[in-house]
Structure formats: structure tokens, C-alpha cells
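Protein chains: 2
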Amino acid sequence: MEHVKDAMAKGTWLTYRPDIKILDCTIRDGGLINNHMFEDGIVKAVYDALVKAGIDYMEMGYKADKKIFAQDEYGRWKYCDEDDIRRIVGDNATGTKISVMADAERTDYHNDILPKNESVVDAYRIATYIHQIPTALDMIKDAHDKGYETILQLMAVSIVQERELEEALQVFAETPVSAVYIVDSFGAFYSEQVRDLTVMYMKALEQTGKEVGIHAHNNQQLAYANTIEALIVGASRLDATMNGIGRGAGNCPLELIVGFLKNPKFHIRPILEAIRDVCEPLKAQMEWGYMVPYMITGQLNRHPRTAIAMRAGGAPTDYVKFYDGLMEEES
Amino acid sequence: MEHVKDAMAKGTWLTYRPDIKILDCTIRDGGLINNHMFEDGIVKAVYDALVKAGIDYMEMGYKADKKIFAQDEYGRWKYCDEDDIRRIVGDNATGTKISVMADAERTDYHNDILPKNESVVDAYRIATYIHQIPTALDMIKDAHDKGYETILQLMAVSIVQERELEEALQVFAETPVSAVYIVDSFGAFYSEQVRDLTVMYMKALEQTGKEVGIHAHNNQQLAYANTIEALIVGASRLDATMNGIGRGAGNCPLELIVGFLKNPKFHIRPILEAIRDVCEPLKAQMEWGYMVPYMITGQLNRHPRTAIAMRAGGAPTDYVKFYDGLMEEES
């Protein structure tokens, strides 16, 4: 059974891959469920656990434009004001970096992103759909010039044409970003597709020193499997959330990826504590995780918004009606 | 992006793989949660859905020895008496075959398994741990001589030594079984290990015409990913359950595998109906699916019984205490 031995050997090798960096987006992606209305106690508990667990990045939320998103509709982690972040992390004298996501066309980045020397934020993740790339490039330049690490999230890759994706990667190679993520916004990818995309991203960026990352969703119970697949092929930036919390079907569970890596840099026990103390109580107020409607949108390569609306509506378990409705649209 | 095209091509190829056979074990593996006490209405609804969905086999339960397992403690699907099965399926004039699982050392097979011409059962799946193989071989002979298709489930392969496994496969190659399953009883395997085991099983059985199957558990959210992995390498017998129902973390969800295959032989809509009408109401009485304690036993390659007991006990969310307890045992 030599093949099995090879697999084991790869496992051991992974143990010592120093390039692996985990970004926890429990509060950021979880915030998409509750309009970013997490109380300070919850955010602090997550932060403390991530620091103890040795997680590389904690993403606090979005840097949304207050002129577009009214403050009476969203919690503070929609905006990530400096004072709010500092109330949780102080000067953040820890090994865990702080990141914030900035959506193209939804961020007043020139005004709202402070110079790095006035901020405890370490990195901005610029999230962009393919048609917003010109704006994203200006956002990257702005944040980079202000002194931040910049990271690029090209959203919804499962609906991007191959030729456009190749062009986009060539453009990204010229930017100062430290990493480019494969973002499976719709939870539509199978592991083979993730493997091939990872190879494609790595090839496009190999001369630049930039790293490849993976952000997966669990619509088809593949978020963790796809994350491992990308990792094995060479991705080194891994997104995860505690207990898989996140919009719709949720994300790659942090406890699974840390348990898999067996990397001495990471510790699972503080994560289990936070799942017990933070995620379990949240389940009474928020819903996330694999459910049939999310599977259906994932398999159809569609945004989960219809499935989210269905779960919040009057017939949250009428999977047949939901399926029939989408099938009618497809035909 | 040629690799992606290859992946797509494989997907299309899968569409027409006529050797793929799905066995639904909703009632059999789900019965491990409720001591096999399903009402007839539920079993009938599952049967009707599977027939409509074009699923190849429905597994009804176990053929347990009534001298070992008292009938006042278990429901009728622990024993699968002929009359009980016929009350659901009549003469089963459908394309869905009926299978029953028979555990080595827990079945009075000589007496309780009728000759095939007196039974509506099509196949017996003989489940055996490695040390019970001599008994399993006699059970296979008995059921085969009586006229049944026989299928072999070697349990808990993740704790079987490689040399013993190779010997076992050589022995199985000499039996009349139609298929041998890779059974990940503890939900311990990663996809690479499943791939290598599938290759090993196929190689050992390639001259015999026997097929390779996969029965996965979802402790690490990999039941479906591992099932696809085995399928792609060449396994053609796939176990699944509706909505992943099954002991502990549950099984590979039938809706996911049918959605993936896009095989015209299978239909997803009757499965969605049954999930809505059968599985959703059951959730009020039975618990299954991914949870942290099952992840922990899976990663430690242990039987889920401690995790099941923990969930049924007084501290069902104290994941830290559970983890600490198992870590202490390991040290």
C-alpha cells in the first residue's frame, strides 16, 4: 500500500509547512448573518481564542461606506471604525494580525482608511467582482501606499470566464498584494476544480512571491475538503471560521483545519472553548450550516440569496417548492 | 485551464457510467440512532421515494439474532422479519433491490435467513471486523447457497494493519460476493487515504469481476468528498442516506451524490420530498450530523460511541471537557 504511505508522508510534511497562514473570518463572514451586530463580548472572546490558538489573522468585518450603508441598519463591524477595533484588541501586541475586508464600490477608502501608523489594522482584503477590478486596483494602491498589507479576493470565480480569469491574474501579478484568494462565493466547486484553479493561480503568480489562498463555502459539504485540496496543491492562505459559522451554508470549520494540520504553531483547545462559549449560544439566534436549499443553489452555481430568503420565509423546509421554482427559472 | 476541462470531461463521463449503483441505508444506519424503531409510515415513505428516485438498493436494517438482542429493546428493523419487509414492499416489483445487513457473530444466519425463493430480500451485506472473517466467510457461503447476492463490509478499515488487509482482500477475492466495501466506520479517513485504499481494493479484486464500494461517515465533513474520491478512482457501489441521517455524524447525503452524478437513471426530486416529509420531522426526535465531538473521535480514529454518549449526557456542548478526557486516555 505504497500510495497510502505517500499520503501519510505528505501529512507529515504538512506539519512543518511554515508558509501556511490561517485567517479566521468568524466575525466578518458570520456578520453577514446578523448584519454585523455582534456584541463586544463575543468579538473579544473570538479574538482571545484566536490569539491563544496561534491563528495568523483575525478579520473583524467590513470597511463599508456609511453614506451607502445606514448606521441604524447595521452593527459596528460593518464599518470597523478604529475605536471599535481598539476597544477589542487594544494595541494588539500579539502574534495575530488584524484584517478588514473592503468591498469594491462599497468603500469610501480614500477617506475611511487611515494611514497605517494611526491604525491597529494590519491588512486590508480587497473584495472585487471581475467587473470591478479597476476600482479594486485603485483600492489596493491606496491601502498599500498608506502602509498596509493588501490581499485580493476575486469573488464568485465559479462564474468567471477562463480567459477573463487569466487576464485578471496577470493584472494582479503586477500589484503589491501579498496574496490572491480563490473565492468560491456560491459553494459551487468540486475538489477537482479547486485543484485545477489552485494550479492556475500559482502558475500565474509564481514569479511574484505572492501566495495563493482559498475561501470556501459549505453548500455541498465540501468547504473543508476543498480547502485541504487547495492546501495540498500549494495554497498557503486558508480562510476558516469557528464551527463553520458564515452566511448560508457557512465556511470551512476552523476546528477541522487546525485538527488536520497538526502544526505545532496552532492549538485546537482554545477554539473548542470558543465554540462552546460563543458559537453554541449563537445558534439560538443565528442559523448557518449545510441545508438542502444551499446545496441546490451551490449545484446550480448561484448566489445563495434565494436560499437564505427561503429559510427566513414561511416554508423553510419546503425543499421541493424551492427546487421547482429554481428549475422553472433555469428552463 | 486545460485541467479544469479535464475535470469537466470526467464529470460528463460519470454521467454515463452504467456501473454506478447507489445503496440507500437511511433506515438501516438511521436505525442505529433510534434502536431501529421506525414506524411503518416512515419506512414506506423512504421506500417509495427511493423507487421513484431510481436508487439501486434500499437497506432495511439488520438480521440480528433474537437470542442475543431482546425484542423488547429494539424495533423490528433490527431483525427484518420477512413479514415486516413485505408489509412495506409487497413483492417489490420495482427496480430497487432490497438488502439487509447481517453482522458476524450477531446473526443466527443458518436459521433466520430464509431460502431466496421464500424471501423478497435480494442481497445480504455481511458486516465483519477483521477478526471475525472466518465467521463472515461461512455467512457468505450460507447466503450465497440460499440464492442471495452477497456483499462484504469489512468494518473499521482505519484500524486494520496493511498486511492483514491485503490478506483479507485475497480471501475475499475467492468468495462469491459481488462487491467489497471500504467502510470508514470511524469517519477517520482523508480523501487521499480513500483514494489509495480504493486503488488497493480494485487491484486486489480486478481479476474477479467484483466491484468496490464505499461507506463513509461524516465526522470530519468528508463523507461526501470521500465518496466522490472513491467514485472517481473507480468505486462503483456508493452508500448514502437521506440528508446524511445515520449514527453520530451521519453518512454521505443521498441528495448530494445524486445531484453530483447527474445520471439520468437517478432523480433528485423524490429525495427532496422525502427529506421534507420524513427527515425534517425526525429531527425533533433524533440527532445526527457533524458536531465537534464526532470530529474529535474521527481525528483520533476511534469509535464514535464516547461522542454519542457525551451528546446524550449532561454536558452535550462541553467540547473542551470531552477533548481533555480523550487526550488524557491517549497519553
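Each protein sequence line maps, in turn, to chains X and S.
When the letters of the first sequence are read in order and numbered with the numbering used here, they come out as residues 15 to 345.
When the letters of the second sequence are read in order and numbered with the numbering used here, they come out as residues 15 to 345.
We put the beta carbon where it would ideally sit given N, CA and C, even for glycine.
If you're wondering where the values come from, they're calculated on a predicted model, not measured in any experiment.
Boundaries (first-last residue) of the alpha helix (DSSP H) holding residue i
| i | result |
| --- | --- |
| residue 335 of chain X | 333-344 |
| residue 139 of chain S | Premise fails: residue 139 of chain S lies in the beta strand (DSSP E), 137-142, not in any alpha helix (DSSP H). |
| residue 62 of chain S | 54-67 |
| residue 290 of chain S | Looking at the DSSP string, residue 290 of chain S is not in any alpha helix (DSSP H), and its letter there is neither H nor E. |
| residue 30 of chain X | Neither: residue 30 of chain X is in no alpha helix (DSSP H) and is coded neither H nor E. |
| residue 309 of chain S | 306-313 |
Where residue i falls, given that 16 or more other Cβ within 10 Å makes a residue buried
| i | result |
| --- | --- |
| residue 12 of chain S | An answer regarding residue 12 of chain S cannot be provided, because it is not within the stretch 15 to 345 covered by chain S. |
| residue 90 of chain X | buried |
| residue 133 of chain X | buried |
| residue 82 of chain S | exposed |
| residue 214 of chain X | buried |
| residue 71 of chain S | buried |
| residue 327 of chain S | exposed |
| residue 229 of chain X | buried |
| residue 184 of chain S | exposed |
| residue 13 of chain S | This structure leaves residue 13 of chain S out entirely; chain S is present only between 15 and 345. |
| residue 50 of chain S | buried |
| residue 267 of chain S | buried |
| residue 84 of chain S | exposed |
| residue 269 of chain S | buried |
| residue 16 of chain S | Unreliable placement is indicated for residue 16 of chain S, whose pLDDT of 39 sits below 50; the coordinate value is still reported in the next sentence. The residue is exposed, with fewer than 16 neighbouring Cβ atoms inside 10 Å. |
| residue 23 of chain S | Because the pLDDT at residue 23 of chain S is just 36, under 50, the model does not fix this residue reliably, and the point stays unresolved. |
| residue 19 of chain S | A caution first: residue 19 of chain S carries a pLDDT of 39, below 50, which makes its placement in the model unreliable, though a value can still be read off. Exposed is the call here. |
Neighbourhood of residue i by C-beta distance below 7 Å, restricted to the same chain and skipping five residues each side
| i | result |
| --- | --- |
| residue 324 of chain S | 307, 330 and 336 |
| residue 30 of chain X | none |
| residue 161 of chain S | 129, 130 and 131 |
| residue 163 of chain S | 136, 137 and 192 |
| residue 106 of chain S | 112 and 134 |
| residue 147 of chain S | 182 and 185 |
| residue 80 of chain S | 93 |
| residue 334 of chain X | none |
| residue 309 of chain X | 233 and 234 |
| residue 108 of chain X | 65 |
Cβ distance (whole Å) where residue i is taken to contact residue j below 8 Å
| i | j | result |
| --- | --- | --- |
| residue 255 of chain S | residue 39 of chain S | 6 Å |
| residue 42 of chain S | residue 87 of chain S | Their Cβ separation, rounded to whole angstroms, is 17 Å, which puts residue 42 of chain S and residue 87 of chain S out of contact at 8 Å. |
| residue 120 of chain S | residue 78 of chain S | 6 Å |
| residue 141 of chain S | residue 117 of chain S | 5 Å |
| residue 236 of chain X | residue 205 of chain X | 7 Å |
| residue 314 of chain X | residue 344 of chain X | 7 Å |
| residue 56 of chain S | residue 292 of chain S | 6 Å |
| residue 75 of chain X | residue 45 of chain X | 5 Å |
| residue 47 of chain S | residue 290 of chain S | Residue 47 of chain S to residue 290 of chain S, Cβ: 19 Å. No contact. |
Residue i - containing beta strand (DSSP E), residue span
| i | result |
| --- | --- |
| residue 113 of chain X | 111-117 |
| residue 207 of chain X | Looking at the DSSP string, residue 207 of chain X is not in any beta strand (DSSP E); the run it does join, the alpha helix (DSSP H), is 205-219. |
| residue 72 of chain X | 71-76 |
| residue 90 of chain S | Looking at the DSSP string, residue 90 of chain S is not in any beta strand (DSSP E), and its letter there is neither H nor E. |
| residue 162 of chain S | No beta strand (DSSP E) holds residue 162 of chain S; DSSP gives it neither H nor E. |
| residue 228 of chain S | 225-229 |
| residue 173 of chain S | Where residue 173 of chain S is concerned, there is no enclosing beta strand (DSSP E), given that its DSSP letter is neither H nor E. |
| residue 38 of chain X | 35-38 |
| residue 196 of chain S | 193-197 |
| residue 254 of chain X | 251-254 |
Neighbourhood of residue i by C-beta, 6 Å cutoff - its chain only, sequence neighbours within 5 removed
| i | result |
| --- | --- |
| residue 135 of chain S | 112 and 114 |
| residue 208 of chain X | 240, 243 and 244 |
| residue 58 of chain X | 102 |
| residue 158 of chain S | 164 and 190 |
| residue 295 of chain X | none |
| residue 21 of chain S | Bear in mind that a pLDDT of 37 at residue 21 of chain S, under 50, signals an unreliable position, so the number given afterwards is only what the model happens to contain. Same-chain partners within the cutoff: there are none. |
Same chain only: Cβ atoms within 8 Å of residue i, ignoring 5 sequence neighbours per side
| i | result |
| --- | --- |
| residue 312 of chain X | 200, 201, 202, 231, 233, 234, 263 and 318 |
| residue 149 of chain S | 118, 119 and 142 |
| residue 226 of chain S | 193, 194, 195, 196, 212, 215, 216, 219, 244, 248, 249, 250 and 251 |
| residue 166 of chain S | 139, 140, 142, 150, 154, 186, 189, 191, 193, 194 and 195 |
| residue 33 of chain X | 225 and 250 |
| residue 280 of chain X | 36, 67, 68, 69 and 272 |
| residue 156 of chain X | 123, 124 and 127 |
| residue 60 of chain X | 38, 40, 41, 72, 256, 288 and 292 |
| residue 52 of chain X | 41, 44, 45, 89 and 91 |
| residue 265 of chain S | 39, 43, 229, 230, 231, 232, 237, 253, 254, 255, 258 and 259 |
> Should the stretch 161-180 of chain X be regarded as contacting the stretch 200-216 of chain X, the criterion being three or more beta carbon pairs within less than 8 Å?
Replying inline: Counting C-beta pairs closer than 8 Å gives three or more between the stretch 161-180 of chain X and the stretch 200-216 of chain X, which meets the contact rule.
>> Across the stretch 264-278 of chain X and the stretch 309-326 of chain X, are there enough close Cβ pairs to call them in contact, namely three or more that are closer than 8 Å?
In response: Inter-segment contact for the stretch 264-278 of chain X and the stretch 309-326 of chain X is absent: fewer than three beta-carbon pairs are separated by less than 8 Å.
> Counting Cβ pairs, one atom from each stretch, are 3 or more of them under 8 Å apart for the stretch 288-303 of chain X and the stretch 233-241 of chain X?
Replying inline: Segments in contact, no.
> Does the stretch 281-288 of chain X touch the stretch 54-74 of chain X, meaning 3 or more C-beta pairs lie closer than 8 Å?
Replying inline: Yes, the stretch 54-74 of chain X is in contact with the stretch 281-288 of chain X.
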